[in-house]
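Participant:
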Amino acid sequence: MKQLIPEKFNNTYIVAISFISALGGYLFGFDFAVISGALPFLRTAFHLTAWWEGFLTGSLALGCIVGCLIAGELADRYGRKPGLMLAALIFAVSSLGMAISHGLTIFVLMRFAAGIGVGMASMLSPMYIAEISPAKVRGRNVAINQLTIVIGILVTNLVNYILADKGDEAWRWMFGMGIVPAGLFFLGVLWLPESPRWLLKAGKEMQARKVLNKIGSTNFVENTFNEIRVSLQGLSKQSYKAVFAKSVRPAVVVGVTLAVFQQLCGINVVFNYTSTIFKSVGANLDRQLFETVSIGFVNLLFTIVAMWQVDKLGRRPLMLIGSLGLSILYIILALLLQRQAAAGLVSIFVLLAIAVYATSLAPVTWVLISEIFPNKIRGVASSVAIVSLWGAYFILVFTFPILAKQLGTYGPFYLYAGICLLGFFFIKRKVYETKGKTLEQLEQNLIQH
1 MKQLIPEKFN
11 NTYIVAISFI
21 SALGGYLFGF
31 DFAVISGALP
41 FLRTAFHLTA
51 WWEGFLTGSL
61 ALGCIVGCLI
71 AGELADRYGR
81 KPGLMLAALI
91 FAVSSLGMAI
101 SHGLTIFVLM
111 RFAAGIGVGM
121 ASMLSPMYIA
131 EISPAKVRGR
141 NVAINQLTIV
151 IGILVTNLVN
161 YILADKGDEA
171 WRWMFGMGIV
181 PAGLFFLGVL
191 WLPESPRWLL
201 KAGKEMQARK
211 VLNKIGSTNF
221 VENTFNEIRV
231 SLQGLSKQSY
241 KAVFAKSVRP
251 AVVVGVTLAV
261 FQQLCGINVV
271 FNYTSTIFKS
281 VGANLDRQLF
291 ETVSIGFVNL
301 LFTIVAMWQV
311 DKLGRRPLML
321 IGSLGLSILY
331 IILALLLQRQ
341 AAAGLVSIFV
351 LLAIAVYATS
361 LAPVTWVLIS
371 EIFPNKIRGV
381 ASSVAIVSLW
391 GAYFILVFTF
401 PILAKQLGTY
411 GPFYLYAGIC
421 LLGFFFIKRK
431 VYETKGKTLE
441 QLEQNLIQH
C-alpha cells in the first residue's frame, strides 16, 4: 500500500538505542577473543590436553545454549529489557570468577556461566534492535550488533597483547577486564525503552505508542501500530511446538540452517585458535598475539563495509559472495599450511578470509535471524536458531584441536571449504531477499510462500 505522506524518523535516537543494546555484542566479542590470547598461558597453567583445550574453549558455547533458552522465555514473558540487564550481571560475575579461578573445573564452570550471559545478549540484542528499527535502516542497525562484536574482539586482542608481558598470570588480568564492558552495558540498558512490539503484544498500547512516537513521525506510528496489531491477531501463548508449525517451518529451517552454517563455515577456528595456526608455521608467541590484533583490525574495517552495503546490495548477494569466497580461500590456506609457507603469506590469506566473512556471513546471518520470523513466535524461534548456532560453535571449536592433532593444522580447512560450498547452494535455493520490507510484510510473504 502506497503512503502519500513520507515517514520521518528520529535517526539520532534510533542509532543511540541501537548502539546501547548492541553493547551486548561487545560482551560476545570480548569472551570470543579473550580465549585466543589466553590459551598459550592456560595450556601451561592447567596442563591442557587437546581434548581439554577444545572443551575449555567450547564451554562458552554450552553456556550460550542455556542463555538462549532462558532468554527466549524471559523475552516473551517479561520483555526484552529485563533480559538484557540480567545478561550484563551474569557476565560481570563470571568474568571475576574466571580471573580468580585456581583450578580447571572452576574456570570451566565460570566460562560456562559467562556463556549464559553472552547467549542471552546474542539473542536479545539483535532482536531488540530489529523491533525498534524502521524497515529501511533495520539491516544497518542490526549490523551495529556485529560492529560491537568486532570492536570487542579488536579491543580485547589489543589488551591481551599489552597484558602478555605480565607473565604466567597474564590470563587472570585478561579475563578480569570483562567486568568493565559488562558494567557499562548494564548502565546503558537502564536507559533503553522496552520494545514497542513486545509492549503491544503485552497489551500496553499507550506505552508502545509512546516509544514509537520517539522513533518516528505520526504516520510512521500509525502504520507500524496497525501492522503490528494485525500480525498479532489470534496470538496465543508461545511454545516451542508453535515454532515447528507447518506455516512457519520454512522460515525456521532457513534460520536454523544459516545459524549452523555461520559457525561450521570454520572462521571461528581462525579467531579462537590464531596462536595454534601461526605456531604451526613457526611463529613465536609475540607474532601469534600480533596476528590476533591484525585480525581484529581487518574484522572491524570490513564489518563497517557490510553495514554500508547490507541495506543497499542486500542480504542474499552478500551471503552468496561470502560462502563461495570462503570456500576458495580455505583451500588456498590449507595448501599454504600444508607446505609450511612463511607466516607472512599465511597471514595474507587468513586476513582475506576474515574480510570476506566480516562483510557477509558474520553480520548478515544475525540480520536475517532477527527479521525472518513472525511476530507471534519471534522470541522462541530466535532462541531455537541461536541455540543451534551455539551448538555448532561448540562442535567447531571442540573438534578443531583434535582434528588438527590427527590431520595436521591444515586438514580441517579442506572440510570447512566443502561446508562453505554446500552453504552457497543452500542460500542460492532457499534464502529470499528481505531488505526494505517491514517485519510484518516479511511475515505476509512467508505465509504466501
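Under full-length UniProt numbering, the first residue of the sequence shown is numbered 1, with each subsequent residue one higher.
Ideal Cβ placement from N, Cα and C applies to all residues, glycine included.
Within the same chain, show all residues whose beta-carbon is closer than 8 Å to that of glycine 93, passing over the 5 residues directly before and after it, in chain order.
Facilitator: One point to set straight first is that residue 93 is valine, not glycine, in the sequence displayed. Excluding positions up to five away in sequence, the list reads Ala113.
Participant: Measure from the alpha carbon of residue 481 to the alpha carbon of each residue in Pro181, Asp31 and Leu368, then state which is nearest.
Facilitator: No statement about residue 481 is possible, as the shown extent of the chain runs from 1 to 449 and does not include it.
Participant: Count the C-beta pairs between the region 50-70 and the region 306-313 that are closer than 8 Å, then say yes if the count reaches three, no if not.
Facilitator: The answer is no - the region 306-313 does not touch the region 50-70, with fewer than three Cβ pairs under 8 Å.
Participant: If you compare alpha carbons, which of Phe28, Gly255 and Met206 is closest to threonine 148?
Facilitator: It is Phe28 whose Cα lies nearest to the Cα of threonine 148.
Participant: When we look at the beta-carbon of phenylalanine 425 and count the other beta-carbons within 10 Å, is it buried (16 or more) or exposed?
Facilitator: Phenylalanine 425 comes out exposed.
Participant: Spell out a yes or no on whether the region 265-272 and the region 407-417 are touching, meaning 3 or more CB-CB pairs, one atom from each, closer than 8 Å.
Facilitator: Judged by Cβ distances under 8 Å, the region 265-272 makes contact with the region 407-417, as three or more pairs qualify.
Participant: Going by beta carbon distance, what residues of the same chain come within less than 6 Å of isoleucine 295, once the five residues before and after it are set aside?
Facilitator: Cβ neighbours of isoleucine 295 beyond the five flanking positions: Ile354.
Participant: Any contact between the region 55-63 and the region 384-399? By contact I mean 3 or more CB pairs, one from each, below 8 Å.
Facilitator: Contact between the region 55-63 and the region 384-399 is present, because at least three Cβ pairs lie under 8 Å.
Participant: In this structure, does DSSP put phenylalanine 152 in helix, strand or coil?
Facilitator: The sequence given here places glycine at residue 152; phenylalanine does not occur at that position. Here glycine 152 sits in helix by DSSP.
Participant: DSSP state of glycine 282, grouped into three classes?
Facilitator: Glycine 282 falls in the coil class under three-state DSSP.
Participant: Quick one: using the 10 Å Cβ neighbour count with 16 as the cut-off for buried, is residue 450 buried or exposed?
Facilitator: Nothing can be reported for residue 450, as the shown portion of the chain is limited to 1 through 449.
Participant: With 16 as the cutoff for other CB atoms within 10 Å, does methionine 206 come out buried or exposed?
Facilitator: Methionine 206 is exposed by the Cβ-count criterion.
Participant: What are the start and end residues of each continuous alpha helix (DSSP H) run of 4 or more residues lying completely inside the region 47-130, in chain order?
Facilitator: The qualifying runs are 50-78 and 80-99.
Participant: Have a look at Gln146, Ala88, Arg111 and Gly72 and flag the residue whose alpha-carbon is nearest the alpha-carbon of glycine 97.
Facilitator: Checking every option, the nearest Cα to that of glycine 97 belongs to Arg111.
Participant: Given a threshold of 16 other Cβ atoms within 10 Å of its Cβ, counted over all protein chains shown, does tryptophan 51 qualify as buried or as exposed?
Facilitator: Tryptophan 51 is exposed by the Cβ-count criterion.
Participant: Identify, in the order they occur along the chain, each residue of the same chain with its Cβ nearer than 8 Å to the Cβ of leucine 184, setting aside the five sequence neighbours on each side.
Facilitator: For leucine 184, where only same-chain residues beyond five positions count, the Cβ hits under 8 Å are Leu23.
Participant: Quick one, which of Ile372, Tyr273 and Ala385 has its alpha-carbon nearest glutamine 262's?
Facilitator: Checked all of Ile372, Tyr273 and Ala385; the closest Cα to glutamine 262 is Ala385.
Participant: Is the beta carbon of isoleucine 14 closer than 8 Å to that of phenylalanine 188?
Facilitator: In the sequence on display, residue 188 carries glycine and not phenylalanine. No, the pair does not count as a contact, with Cβ atoms beyond the cut-off.
Participant: In chain order, what residues of the same chain have a beta carbon less than 6 Å from the beta carbon of proline 126, not counting five sequence neighbours either side?
Facilitator: Hits under 6 Å: Val142, Asn145, Trp366 and Ser370.
Participant: Suppose the cutoff is 7 Å on Cβ atoms and the five residues either side in sequence are ignored; what does the same chain contact list for glycine 322 look like?
Facilitator: Answer for glycine 322: Val356, Tyr357, Thr359, Ser360 and Leu361, listed in chain order.
Participant: Buried or exposed: which applies to alanine 130, given that a residue is buried once 16 or more other Cβ atoms fall within 10 Å of its Cβ?
Facilitator: So alanine 130 counts as buried.
Participant: Does the contact criterion of 3 or more C-beta pairs under 8 Å hold for the region 344-354 versus the region 34-41?
Facilitator: Verdict: no, contact absent.
Participant: Using a 10 Å radius around the Cβ and a threshold of 16 neighbouring Cβ atoms, would you call arginine 429 buried or exposed?
Facilitator: The residue is exposed, with fewer than 16 neighbouring Cβ atoms inside 10 Å.
Participant: When you compare only the Cα positions, how much space is there between isoleucine 228 and leucine 124?
Facilitator: Going by the C-alpha atoms only, they are around 19 Å apart.
Participant: Since threonine 359 is in the alpha helix (DSSP H), which residue starts that stretch and which ends it?
Facilitator: That run of the alpha helix (DSSP H) goes 343-359.
Participant: Beta carbon of isoleucine 35, beta carbon of asparagine 272: below 8 Å?
Facilitator: It is a contact, given that the beta carbons lie within the stated cut-off.
Participant: Assuming alanine 99 contacts phenylalanine 175 under a Cβ cut-off of 8 Å, what Cβ separation, rounded to an integer in Å, is found between them?
Facilitator: That pair is a contact at about 5 Å.
Participant: What residues are listed by DSSP as bridge partners for glycine 167?
Facilitator: DSSP output for glycine 167 lists no bridge partner at all.
Participant: List the whole-angstrom C-beta distance separating alanine 341 from valine 281, where the pair is believed to meet the contact cut-off of C-beta under 8 Å.
Facilitator: Between valine 281 and alanine 341 the Cβ distance is about 7 Å, and since that is below 8 Å, they are a contact.
Participant: Taking its Cβ as the centre, do 16 or more other Cβ atoms sit within 10 Å of glycine 103, making it buried, or is it exposed?
Facilitator: Result: exposed.
Participant: When you compare only the Cα positions, how much space is there between serine 101 and phenylalanine 400?
Facilitator: About 25 Å.
Participant: Straight-line CA distance for glycine 423 to arginine 249?
Facilitator: Their backbone Cα atoms lie some 19 Å apart in a straight line.
Participant: Below 8 Å between beta carbons: does that hold for glycine 178 and glycine 119?
Facilitator: Cβ atoms of glycine 178 and glycine 119: not closer than 8 Å.
Participant: I think serine 382 touches phenylalanine 373, with their Cβ atoms under 8 Å apart; what is that distance to the nearest whole Å?
Facilitator: Their Cβ separation, rounded to whole angstroms, is 6 Å, which keeps serine 382 and phenylalanine 373 in contact under 8 Å.
Participant: For my contact list, leucine 79 and tryptophan 198 are in at a C-beta cut-off of 8 Å; report their separation, rounded to the angstrom.
Facilitator: Rather than leucine, the amino acid found at residue 79 in this sequence is glycine. With 8 Å as the limit, glycine 79 and tryptophan 198 qualify as a contact, their Cβ atoms being about 5 Å apart.
Participant: Take glutamine 448 and list the residues in its own chain whose beta-carbon comes closer than 8 Å to its own, dropping the five residues that flank it on each side.
Facilitator: At glutamine 448, the pLDDT of 49 sits below 50, so the modelled position is not reliable and the matter cannot be decided from this model.
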